[in-house]
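**Student:** Numbering (the working numbering), first residue to last: 1 to 272.
#1: With 16 as the cutoff for other CB atoms within 10 Å, does residue 58 come out buried or exposed?
#2: In whole angstroms, what is the alpha-carbon distance linking residue 209 and residue 202?
#3: Can you give, in chain order, each stretch of the alpha helix (DSSP H) that sits fully within the region 125 to 163 and has at least 4 residues?
#4: Let me make sure I understand the geometry here. Which of 175, 161 and 106 has the alpha-carbon closest to that of residue 193?
#5: Buried or exposed: residue 142, going by 16 or more other Cβ atoms within 10 Å of its Cβ?
#6: Could you tell me the distance, in whole angstroms, from the CA atom of residue 92 to the CA atom of residue 100?
#7: With DSSP run on the structure shown, which of helix, strand or coil describes residue 219?
#8: Is DSSP giving residue 116 helix, strand or coil here?
#9: Can you round the beta-carbon distance between residue 115 and residue 148 to whole angstroms, since I take them to be within the 8 angstroms contact cut?
#10: Within this structure, are the beta carbons of residue 252 and residue 196 separated by less than 7 angstroms?
#11: Does the beta-carbon of residue 111 have 16 or more other beta-carbons within 10 angstroms, so that it is buried, or is it exposed?
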């Protein structure tokens, strides 16, 4: 798995199977805002004809990935669509290596602790241990968060060569999710550059209002980043300054213990 930006267009290869891509596009069209859809809605969402949508939904239904309500005739995902994601979670040795340390960090700080992996311009939560108090943001495993405005993303970018980090930021859509989101590329890269020497990155209410984050990269033997661990705290209980003082040392200790395991080096060799 790699988060590197790739300028080549794999879709032009004769090995590229467009029907497979379209089938995944149909599945991905279902989300929180489109929990069920008619054939016409699916066709519009995926930019295909209604007859094509009918063939794809029938096939995906036969595979048990989609279900059609007999009364409304609307389609929706089934729990079987979780199989691929569950297989990934079971197969990723970084999750297995990190989990005991993430649980310990969660117990010591009492707040939500997340492990994320890079994918494109985002970080994806692959493990999550929620706050002992009430958590006000629901971010399940599989949630994608943009690199440019999150502590996890900045921590990951801080381990990359400056030119590569700049490429990621330039390729990102610098959208303001809140009034606090940094959208100036130079300012973001300054935050990234400052994160490297101190070992952690921060983000204050940039993706969600009331949410403070601190994160550190998990490093492979060669110094490259395999992912990031972040701690999320609400502004109702914490300030960023207090997080830096109290949680940053625990966080840095945690990622060093994860990075230092022999399986971390084995994982990096396998990924190459």
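Don't be surprised by glycine CBs; every beta carbon is placed ideally from N, CA and C.
**Tutor:** Short version:
#1: Residue environment: residue 58 is assigned as exposed (fewer than 16 neighbouring CB atoms within 10 Å of its CB, all protein chains considered).
#2: 14 angstroms
#3: Runs found: 151 to 158.
#4: 161
#5: exposed
#6: Between the C-alpha atoms of residue 92 and residue 100 there is a straight-line separation of about 15 angstroms.
#7: If DSSP states are grouped into helix, strand and coil, residue 219 belongs with the strands.
#8: strand
#9: 20 angstroms between Cβ atoms; not a contact.
#10: no
#11: buried
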